[in-house]
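Peer 1: Per my numbering, the sequence shown runs over residues 606 to 792.
For glycine and all other residues, C-beta sits at the position ideal for the given N, C-alpha and C.
Quantities reported herein were computed from a predicted structural model and do not represent experimental measurements.
Can you read through this structure? Questions will come right after.
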Amino acid sequence: MQLFILLFIALCVAFALEEFVLIKPVSTIAQSDPVSRWIELLAIWVPAIGMSITGATVRAFGELWMQGLVNAIGVILCLAGLALRYWSRRVLGRFFTIGVVRQEGHRVVREGPYRHVRHPGYLAFVLFYAGLPLVVGSWLGLLVLAVPALSIFAVLVTVEDRKLEQELGADYTQYKAESARMIPGIW
C-alpha cells in the first residue's frame, strides 16, 4: 500500500504543477461572466477538497480493497488524464484559457483530441479524478472526488458550449453536430 500512497502524492503534485505552473495565469478567470466564474472556481476547489478527503481517509483507514489491478487501473487513468490535458492545451496553443475568453483570431479547433470531443481537457480532469481514488483504493474518494467533479464538468461543458456557440457562430454549431462533448460516441 505504501507504494500506492506515494504514487497518490506524486500524481497530486504532478497535477498541481501541470495546472498551476505550466498554464497561463489564473487572471483570465476574471474575464468570465459571474456564473462561469463560480463554476470554474468550483471546478478547482471541489476536486482539491476531494483529493484532501481521499488522502485523509486512506491515512485514517488504510487500504479499502486489495492492492493490485484496481490500483494499477487508477494509475493508468491518472496518467492518461495528465497526458490528455497536456495534449489538449498544446493543440489549443494561444487559445487556451481558463474559461471562455474571446481572443483575436479565435476559431474552432478540430485538430488532435478536438477531432473527437469538444472538451478533451475536461475529459482529462474526469479521468484523473476517477483514477486518483483507485490509486489508493478509496471508495469514499470516488464519492467525494469523482462524482462531484463529473457533475461540475458536465455543467461547465454545457455553459461553455453555449458561450462558444455565441462567440463562434455557425462554425461551432456545425462542430457540435460532428463531435461529442466529452465521451466519444456517448455524450
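(1) If you draw a straight line from the C-alpha of residue 713 to the C-alpha of residue 607, how long is it?
(2) DSSP puts residue 722 in a beta bridge; with which residues?
(3) Report all residues from its chain with a CB closer than 8 angstroms to the CB of residue 716; omit the five preceding and five following residues, and keep chain order.
(4) Just checking my contact of residue 676 with residue 622 at CB under 8 angstroms: how many whole Å lie between their CB atoms?
(5) Restricting to Cα atoms, I'd like to know which of 781, 693, 760 and 657 is closest to residue 610.
(6) Span of the alpha helix (DSSP H) holding residue 751?
(7) Flag this pair as touching only if the stretch 680 to 695 and the stretch 727 to 747 have three or more C-beta atom pairs under 8 angstroms; answer yes or no.
(8) Classify residue 770 as helix, strand or coil using the three-state DSSP reduction.
(9) Would a C-beta distance cut-off of 8 angstroms place residue 783 and residue 777 closer than the cut-off?
(10) According to DSSP, is residue 694 helix, strand or coil?
(11) Within 10 angstroms of its Cβ, does residue 772 collect 16 or more other Cβ (buried), or is it exposed?
Peer 2: Taking the structure as given:
(1) 45 angstroms
(2) 785
(3) 696
(4) No, residue 676 and residue 622 are not in contact; Cβ-Cβ is about 22 angstroms, not under 8 angstroms.
(5) 657
(6) Note, residue 751: premise wrong, no alpha helix (DSSP H); not H, not E.
(7) yes
(8) helix
(9) no
(10) helix
(11) exposed
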